[in-house]
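A.B. asks: Once you've had a glance at the structure underneath, I'll fire off some questions.
Protein chains: 2
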Amino acid sequence: MPSNEDAIKFVRSHLATHVLVIYAVARVSYNGRAKANLNANPYLIIIKPDGTFMVHGSRREKPLIWNPPGSRTYIEARDGLVVLLSIRASPAERVIADLDRVDFIGAFDVEHSDNKVMGTESDLVAWLVDHPDYIEKGFMVLEREYDTAVGRIDILGRDANGRLVVVEVKRSQAGPDAVNQLLRYVDHLLQRRGEKPRGVLVSPDISPSAHFMLKSNGLEYLKVNKDLTTLMEKGTSQHSARPMPDFYSWL
Amino acid sequence: MPSNEDAIKFVRSHLATHVLVIYAVARVSYNGRAKANLNANPYLIIIKPDGTFMVHGSRREKPLIWNPPGSRTYIEARDGLVVLLSIRASPAERVIADLDRVDFIGAFDVEHSDNKVMGTESDLVAWLVDHPDYIEKGFMVLEREYDTAVGRIDILGRDANGRLVVVEVKRSQAGPDAVNQLLRYVDHLLQRRGEKPRGVLVSPDISPSAHFMLKSNGLEYLKVNKDLTTLMEKGTSQHSARPMPDFYSWL
DNA sequence: CCCTCGATCTCGTCC
DNA sequence: GGACGAGGTCGAGGG
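Residue numbers (numbering that gives the first Met the number 0), protein chains in the order written: chain G, 0 to 250; chain C, 0 to 250.
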């Protein structure tokens, strides 16, 4: 167990460059858009060089308390305790962790490469634009990611009869929100162009209430094969490996 | 640096009880609802006793790759490497981490207490129900969290003139979705009761396009003081402190 | 900055 | 287990 002075020095010297992992009995408070508090208990505190501050419990993927990237972290001794402070400028948010007992501090040099995810909605839209007949025989794409006053239309096109078609795409099960979006776009185009377009929702699945809303508003549904997402691929970015296994810890 | 056998043994013996932190040069792949891959680089892998599996980089709050709670973790030697496997049953998802080089493994006994967040939408609704005059002089609450076929109405009430009022509450800036919701509820009640209700959106702020949609549909907006959220408090739960600072690591 | 919307959303809750 | 909606959503992309 490190002395307070050593701990503070160590954290300060690695804040900007390493991912810090602190295992400590702590009391943590969050004040900002909302409020939350944690009683004195052992938690895992993770601080990233981009300012991310997280207090993790033993369950769930999300931290119990956190501050997002861009926050600033401070550490100091107060009343004989080590106190961690994370401050987010806007919106004003503050996380204070009083460390009653510090059992471990590690600093890890971690890669910051982004990873490319394949099979997103954007991929599905791209695939559909390349395969318009999948939507409908004779379908012609006019616009993609078409910005309007009421939002962005995934695909705007015309059917074989020349009628305007609004296509809303979801990569997973579509819910009421998706139908609302589609309705909004159809209404907007009707107002704007004086021509009532068809509205088509494309997704691998749809919830019962969403399907009901769809039908009762004269909209259409096109089920897309779920495996479709696995057919689509993006080029993956290559990064040069920079292994820097330097780290430090107390026991 | 632990031997493969020691590392595997250690991880297996702590999987069910401790939060495991592994610092390693790894190649990681995710296959499931989407796909993603990470090149050989140093990452921080965190495994929680509830099955949560996370691969963290040096930036952002969210893991680069993960599996949610309920997944099962396996570890084994394969071709002289340590391989971590996380499997989610439904939907079928798999994370595979090939550990080219393991520099640190720590097992931490972490509290699993929940924390209560104060200042949620639910809190705001509760406060408004207790202070109906804040919404409008003479406002009377009929229902709260009122379930309908098209969604749950936050507050249903009547104004001083006896007219039905649908209130949609947002704890932060309201966007187009909130207006859509409100529209849906108003339409539904009009269909269902043959009586056109007023629709009121209550939030500390509203986006321009949402405000435009609101006005052009004859709906109303009530700005709630942002500080209101800080006035509301919930009882915080008390947990007995169970400090179990037992952990283990290799250097 | 703000606005908008997708997300392997996650998370809770209620049926 | 599915459906539904909130979230301190986060994060990206565009203006």
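Don't be surprised by glycine CBs; every beta carbon is placed ideally from N, CA and C.
If you reduce the DSSP assignment to three classes, tell me which class Ala76(C) lands in.
C.D. replies: strand
A.B. asks: What are the boundary residues of the alpha helix (DSSP H) that Asp158(C) is part of?
C.D. replies: Asp158(C) -> no alpha helix (DSSP H), and no H or E assigned at all.
A.B. asks: May I have the straight-line CA-CA distance separating Ala125(C) from Ile205(G), to the nearest angstrom?
C.D. replies: Approximately 32 Å, taken between the alpha carbons.
A.B. asks: So, helix, strand or coil for Asp132(C), using DSSP?
C.D. replies: helix
A.B. asks: Nearest-angstrom Cα distance between Ile95(G) and Gly174(C)?
C.D. replies: 31 Å
A.B. asks: Would you say Glu120(G) touches the ligand GDP, meaning its beta carbon is less than 7 Å from a heavy atom?
C.D. replies: Questions concerning the ligand GDP fall outside what the structure shown contains, since it holds no ligand whatsoever.
A.B. asks: When you check each C-beta in the segment 60-72 of chain G against every C-beta of chain C, which residues fall closer than 9 Å?
C.D. replies: From the segment 60-72 of chain G, only Glu60, Lys61, Pro62, Leu63, Ile64, Trp65, Asn66, Pro67, Pro68 have a Cβ closer than 9 Å to chain C.
A.B. asks: Just tell me which of Asp146(G), Gly156(G), Val116(G) has its CA closest to the CA of Asp129(G).
C.D. replies: With distances taken between Cα atoms, Asp129(G) lies closest to Gly156(G).
A.B. asks: Does the beta-carbon distance from Arg192(C) to Asp158(C) come in below 8 Å?
C.D. replies: no
A.B. asks: With H, G and I counted as helix, E and B as strand and the rest as coil, what does DSSP make of Asn66(C)?
C.D. replies: strand
A.B. asks: In its own chain, which residues sit with a C-beta less than 8 Å from the C-beta of Ala76(G), not counting the 5 before and 5 after it?
C.D. replies: Asn3, Glu4, Ile7, Val82
A.B. asks: Given a cut-off of 8 Å, decide if Ile45(C) and Val24(C) are closer than it, judged by their beta-carbon atoms.
C.D. replies: no
A.B. asks: Given that a residue counts as buried once 16 or more other Cβ atoms are within 10 Å of its Cβ, and exposed if not, what is Gly56(G)?
C.D. replies: buried
A.B. asks: Three Cβ pairs or more, each shorter than 8 Å: is that satisfied between the segment 24-39 of chain C and the segment 105-125 of chain C?
C.D. replies: no
A.B. asks: How would you write the range of the alpha helix (DSSP H) that Phe211(G) sits in, first residue to last?
C.D. replies: 207-215
A.B. asks: Between which two residues does the alpha helix (DSSP H) containing His187(C) stretch?
C.D. replies: 175-192
A.B. asks: Name the chain C residues whose beta carbon is nearer than 8 Å to that of Gly118(G)?
C.D. replies: Arg32, Ala33, Lys34
A.B. asks: Determine the contact status of Leu43(G) and Phe107(C), defining contact as a CB-CB distance below 8 Å.
C.D. replies: yes
A.B. asks: Are there 16 or more other CB atoms within 10 angstroms of the CB of Ala148(C), so buried, or fewer, so exposed?
C.D. replies: exposed
A.B. asks: Where DSSP assigns a beta bridge to Glu92(G), which residues make up the other side?
C.D. replies: Arg87(G)
A.B. asks: Name the chain G residues whose beta carbon is nearer than 9 Å to that of Asp186(C)?
C.D. replies: Going along chain G, no residue has its Cβ under 9 Å from Asp186(C), so there is no contact; the nearest lies around 10 Å.
A.B. asks: Could you name the residues of chain G that Arg58(C) contacts, counting a contact when the two beta carbons are closer than 8 Å?
C.D. replies: Lys47, Pro48, Asp49, Thr51, Pro68, His111
A.B. asks: Pick helix, strand or coil for Leu123(C), following the three-state DSSP scheme.
C.D. replies: Looking at Leu123(C) - three-state DSSP - the assignment turns out to be helix.
A.B. asks: What residue from Asp186(G), Pro90(G), His210(G), Leu80(G) has the CA that sits closest to Arg100(G)'s CA?
C.D. replies: Leu80(G)
A.B. asks: May I ask you to report which of helix, strand or coil DSSP gives Phe52(C)?
C.D. replies: Three-state DSSP puts Phe52(C) in a strand.
A.B. asks: Is any beta-carbon of chain C found at less than 8 Å from that of Val201(G)?
C.D. replies: Chain C contact via Cβ: absent.
A.B. asks: From Asn179(C), Asn38(C), Val168(C), Gly137(C), pick the residue whose C-alpha is nearest to that of Ile154(C); which is it?
C.D. replies: Val168(C)
A.B. asks: Quick one: what's got a C-beta closer than 7 Å to Gln180(C)'s C-beta in the same chain, skipping five residues either side?
C.D. replies: Result list for Gln180(C): Gly150, Glu167, in chain order.
A.B. asks: Is the Cβ of Ser171(C) closer than 8 Å to any Cβ of chain G?
C.D. replies: yes
A.B. asks: Beta-carbon within less than 8 Å of His17(C)'s beta-carbon, same chain only, minus the 5 sequence neighbours each way: which residues are those?
C.D. replies: Pro48, Ala106, Phe107, Asp108, Val109, Phe246
A.B. asks: Going along chain G in order, which residues have a C-beta closer than 8 Å to the C-beta of Asn224(C)?
C.D. replies: None at all; the shortest Cβ gap to chain G is about 14 Å.
A.B. asks: Rounding to the nearest angstrom, what Cα-Cα distance links Ile64(C) and Arg58(C) in this structure?
C.D. replies: For the pair Ile64(C) and Arg58(C), the Cα-to-Cα distance works out to about 13 Å.
A.B. asks: Using the rule of at least 16 other Cβ atoms within 10 Å of the residue's Cβ for burial, across every protein chain shown, is Asn253(G) buried or exposed?
C.D. replies: Chain G is shown from 0 up to 250; residue 253(G) falls before or after that span and cannot be answered.
A.B. asks: Between Val165(G) and Val199(G), which are expected to be in contact by the criterion C-beta below 8 Å, what is the C-beta distance as a whole number of angstroms?
C.D. replies: 7 Å
A.B. asks: According to DSSP, simplified to helix, strand and coil, what is Ala39(C)?
C.D. replies: strand
A.B. asks: Could you check what DSSP says for Ser236(G) in three-state terms: helix, strand or coil?
C.D. replies: Since pLDDT at Ser236(G) reaches only 31, below the 50 mark, its modelled position is unreliable, and the value read off the structure follows with that caveat. Looking at Ser236(G) - three-state DSSP - the assignment turns out to be coil, as it is neither helix nor strand.
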